[in-house]
Amino acid sequence: MTDGNIATKKEVGLSKEEQEVLDEIERENVDFVRLQFTDITGTVKNVSIPAHQVEKAFDEGIWFDGSSIEGFARIQESDMRLDPDPSTFTVLPWRSDGDTASARLICDVVNTDGTPFDGGPRQVLKRVLSKAREMGYTVSIGPEPEFFLFEKDEEGKATTVPHDSGGYFDLAPKDMASDVRREVIFTLEQMGFEIEASHHEVADGQHEINFKYDDALSAADNIATFRAVVRAVAEQNGIHATFMPKPIAEINGSGMHAHISLFDEDGNTFADDEDEFNLSETAYKFMGGVLEHAPAFTAITNPTINSYKRLIPGYEAPVYIAWSDVNRSALIRVPDAAGTSSRFEIRSPDPSCNPYLALAVIIEAGLDGIENDIDPGTPVRDDIYEFDEEKREEHGITLLPGRLMDALDALEADEVVCEALGDHVTEKFIEAKQSEYDEYKTYVSGWEKAKYLEKF
Ligand code: GLU
Ligand code: MG
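At position 272 of the sequence shown the residue is numbered 273 (the numbering used here), and the sequence of numbers has no breaks.
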């Protein structure tokens, strides 16, 4: 982080919202504020500043070296500025001891000349949302990130031993995991989250906490925050939380289903009481766009090698590009809801994604469906896991990419999705993922050894 001598960002002092942040810093006795943003892979980055610097941060921004951030700048153009968004201010309850507190502000990344940095994931989402706004819509997203809680070993390293399975010799079994889940919820509520439900998921050690839907930008901020809170609370309790999509073979992986609807000034544009599924023409077209661009946006919504071990038949994760009102094997499911709640659920994303980029590509795909009247076809009611190839063809059902490399090829071939990301992010993302794949390619796995070592 450098603290350059620059012209002030604003001529006119602090906004009302910024002043309120300063007042709260005073009130809560905040000593340090973390300025947060995410790199291209969705990892949260922090620059910590003493609270008395926050006014300056609002005024001038805080400079940092962009070349040290994955997918950002090259060395020769590395100076960048963080521009804190005052609406994201929150005290971090697990960093507060009653006397002093730490807080955070989520930031936009800005170039030296004050223009928004094209490679900032939050900026990518903002760009897509402003397009939606021009078309008359605001976008609501209800995300459902799933995660596992695992034991750590004696050295403090994460294992894949579920935290709540109760060991054989456990004389006093205690569901520590539900205590941790309760603590996560409590922490989130202190940070202003509205929690709707929380439950144990299908697999041992697997959990889901649902927070209330929000506008897409806040939803993405919330996902980033949520992952940080779950990890921090687990860590404090000596266990490991992971959002890895498929930590254990042969049981359910972790998804991050996204419930989506578009609002205009008259309310939910996805609602139509006359329709069998309570969905409007706009909703169907949006759905058509999502289905059409799904192969391409999968690289972003399912960005790791491991993501594709989740997208296989039999574990409630989608494999087929289709929609349904009943079927969890389809990419899109329409829940039984009407009016303000009319919406559909996109089931493919997983929680290893960059939430800003993932929501940006899904929304852009849907808007393209509206612009080009894309027909989503008819719902599939039967269990598609049971379909053979012929039956799939009969229904016109194609498959999601089966491997990261296939998803990257589909991404490169899709102008709409690439445009949503912009040249900078598209290029850097593909570069980063290509090198991840090259690394993986050379690795000899335990499966291969078990299969071939003694056979040949
Ligand atoms: N864990 C499943 C997945 O990988 C989803 C289970 C559910 O429907 O909540 O998407
Ligand atoms: Mg679930």
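All C-beta atoms in this analysis are idealised placements derived from N, C-alpha and C, irrespective of residue type, glycine included.
Bear in mind the structure is a predicted one, so any value in this text is a computation, not a measurement.
- Within its own chain, the residues whose Cβ lies closer than 7 Å to the Cβ of Thr-161, once the five positions on either side in sequence are excluded, are Phe-151, Pro-248 and Ile-249, listed in chain order.
- Boundaries of the beta strand (DSSP E) around Val-48: 45–51.
- Residue pairing for Leu-409: DSSP places it in no beta bridge.
- Under the rule that a run must span 3 or more residues, the beta strand (DSSP E) segments found entirely inside the stretch 66–154 read 80–85, 91–93, 102–111 and 139–153.
- Counting C-beta pairs closer than 8 Å gives fewer than three between the stretch 201–217 and the stretch 83–96, which falls short of the contact rule.
- Per DSSP, the continuous alpha helix (DSSP H) segment holding Ala-421 begins and ends at 416–442.
- Within the chosen limit of 7 Å, the ligand GLU reaches the beta carbon of Gly-254 through at least one heavy atom.
- DSSP lists no beta-bridge partner residue for Arg-232.
- With respect to the 8 Å criterion, Ser-330 and Pro-246 are not classified as neighbours on the basis of their beta carbons.
- If you look at Thr-283, you'll find it in the alpha helix (DSSP H) that goes 282–302.
- Beta bridge pairing from DSSP links Thr-39 with Val-45.
- Relative to the ligand MG, the beta carbon of Glu-209 is positioned inside 7 Å of a heavy atom.
- Taking Gly-239 as reference, the option from Glu-155, Gly-254 and Arg-311 with the minimal CA-CA separation is Glu-155.
- For Val-162, the uninterrupted beta strand (DSSP E) run begins and ends at 159–163, by DSSP.
- Leu-332: member of the beta strand (DSSP E) spanning 331–334, first to last residue.
- Cα atoms of Val-34 and Ile-107: separation of roughly 10 Å, rounded to the nearest angstrom.
- Each residue's CA atom was taken as its position, placing Trp-64 and Val-140 some 32 Å apart.
- Secondary structure note for Glu-21: its alpha helix (DSSP H) is the uninterrupted segment 17–28.
- Beta-bridge analysis with DSSP links Met-245 to no other residue.
- Contact annotation, Ala-421 with Val-362: C-beta distance approximately 5 Å; criterion of less than 8 Å satisfied.
- Counted as a single uninterrupted DSSP element, the beta strand (DSSP E) harbouring Glu-197 occupies residues 196–201.
- DSSP, reduced to helix, strand and coil, places Asp-32 within a strand of the structure shown.
- Spanning the alpha carbons of Ala-235 and His-200 requires a straight line of approximately 16 Å.
- In the structure shown, Leu-360 falls within a helical segment according to DSSP collapsed to helix, strand and coil.
- The nearest non-hydrogen atom of the ligand GLU is 7 Å or more from the C-beta of Glu-391.
- Between the ligand MG and Glu-202, a heavy atom-to-CB distance of less than 7 Å is present.
- When distances are taken from the beta-carbon of Glu-147 to the heavy atoms of the ligand MG, the shortest one is below 7 Å.
- The residues Tyr-285, Met-288, Gly-289, Leu-292 and Trp-324, in chain order, have a CB closer than 7 Å to that of Pro-377 in the same chain once the five nearest residues on each side in sequence are set aside.
- Of the residues Met-257, Glu-27 and Glu-61, the one whose Cα lies closest to the Cα of His-53 is Glu-27.
- Under the DSSP assignment, Tyr-386 falls outside any beta strand (DSSP E); it carries neither an H nor an E label.
- Taking C-beta atoms as the reference points, Tyr-357 and Ala-221 count as a pair closer than 8 Å.
- Proximity of the beta carbon of Tyr-316 to the ligand GLU is indicated: a heavy atom of the ligand is located closer than 7 Å.
- Cβ-Cβ distances below 7 Å link Glu-195 to Phe-212 and Lys-213 in the same chain, with the five nearest sequence neighbours on each side left out; the list follows chain order.
- At least one heavy atom of the ligand GLU sits closer than 7 Å to the Cβ of Arg-329.
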